[in-house]
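Each residue of the sequence shown is one higher than the one before, counting from 1283 in the numbering used here.
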Amino acid sequence: MAATRAYLDYNASAPLIAEARAAMVAALDAANPSSVHTEGRASRRLVEDARRDVARLVNARPEHVVFTSGATEAASTLLGPDWQMGRGAIRMSHLYVSAADHPCILNGGRFAAAQVTKLGVDRNGIADLDALSSALAAHDKAAGLPLVAIHAANNETGIVQPVERIAEIVKAAGGVLVVDAVQAAGRIPLDMSVPYADYLILSSHKIGGPKGVGAIVAASDLMMPRPLVNGGGQEKSHRAGTENVAGIAGFGAAARFALTGLDGMDAMARRRDEVEAIVRDLAPDAEIFGAASPRLANTTFFAIPGVKAETAQIAFDLARVALSAGSACSSGKVGPSHVLKAMGHGDSLGALRVSIGCATGAEDIEAFRAALAGIVARRAGKEEAA
């Protein structure tokens, strides 16, 4: 058993990095950034510096970054039928999402259930582009524009979607594309200066920043959804409320760190491959989901026949290894992950997700090996007893 805990759950939340912590502490006494006095202007500089750092992470213009309380708020803001272009109104009449999307996208935001279409993915987790093309071709443009939302990288499997191709399809249909880049940011290059998404959703705590901060990043200032939070004129009237200066400062520091970390993804992929080699060695009958698809360098999602994910997660925790099970529903009953269901694995007992980060070391991987060996040994014992 490891002397200290091994944290292998970066896709849930990355540990707060030292740079973000320092930036937050320095900003805790910051004044209201809307104030015009010296203290207020100093606080405003902290916010705008962070806005530039977040923009650099995705090669966007700083004035196109809107800070929110997190990715869920960003999604709820963008996924709505009522939009503005200048002083005029624009309507999005239907939302198209992937069946493997994060719940904050799947729930449809401010759209009614009848206005949301869920499109399938193949067994490798890649979006069905033919179904998307057909759905958009049949869209009633007289009722309003089609809005498409999809994740750049899946939070459970790490599978990376062909967003550039999706963008081409959406643009050809006259639609608007929202990309959930929460898991992708800092792990794959994102560039809003080329044809990609119309809007990105980002989260601070997935890249080593504080929780409770996120952002909408727009490709242009041509149009924006009607605000979800109304009040003052903060964030160019796109999101009311006094800015969380300390959180935003931490987000900016994390974005700077994440941008430099992109160069280390090859090394991280080798560490992920070590994890998968351990899984295959100890449990040759294990299935690693999405292994045939482009994936994030840090994510492994696997299932072992005869091993319930929730039971295994508890065993890992007792062995001082933190990772996630992807099969428990909110009621606590065992059920397959909606991502696995979308991929055609509806009868799975569930899966375990290992997601690593820049601080993951050889000792963490060894702790995972030791814990998994114990779990597999107990499975073998049960099979012999049966």
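All C-beta atoms in this analysis are idealised placements derived from N, C-alpha and C, irrespective of residue type, glycine included.
Assigned with DSSP and collapsed to three states, L1418 falls in helix. Annotated three-state conformation of H1520 is coil, per DSSP. Counting along the chain, the unbroken beta strand (DSSP E) around S1637 starts and ends at 1634-1637. C-alpha of A1425 to C-alpha of L1401: approximately 20 Å in a straight line. Of the other Cβ atoms in all chains shown, fewer than 16 fall within 10 Å of the Cβ of A1304; this residue is therefore exposed.
Bridge pairing for V1658: absent [DSSP]. One Cα belongs to Y1289, the other to I1586, and the distance between them is close to 21 Å.
Counting every other CB atom within 10 Å of its CB across the protein chains shown gives S1475 a total below 16, marking it as exposed. Where S1325 is concerned, the enclosing alpha helix (DSSP H) starts and stops at 1320-1339.
In this structure, the straight-line span from the alpha carbon of F1571 to that of I1408 is close to 12 Å.
The way I'd put it, the stretch 1492-1500 does touch the stretch 1351-1365; three or more beta-carbon pairs between them come closer than 8 Å. The three-state secondary structure of M1306, taken from DSSP, is helix.
Counting only residues of its own chain and dropping the five nearest sequence neighbours on each side, C1640 has a CB closer than 8 Å to the CB of G1543, G1546, M1550. In the three-state reduction of the DSSP assignment, G1532 falls in the helix class.
The distance from the Cβ of V1445 to that of Y1481 is about 12 Å, inconsistent with a contact at the 8 Å cut-off. Secondary structure at A1431: strand, using DSSP grouped into helix, strand and coil. Contact holds between the stretch 1374-1388 and the stretch 1459-1467, because three or more Cβ pairs, one in each stretch, are under 8 Å apart. Straight through space, the alpha carbons of A1531 and A1655 are spaced by roughly 42 Å. Within 10 angstroms of the beta-carbon of D1335 lie 16 or more other beta-carbons, which makes it buried. Counting along the chain, V1348 sits inside the beta strand (DSSP E) bounded by residues 1347-1350. In the DSSP assignment, E1648 is bridged to no other residue.
T1320 counts as exposed, since fewer than 16 other beta carbons sit within 10 angstroms of its beta carbon.
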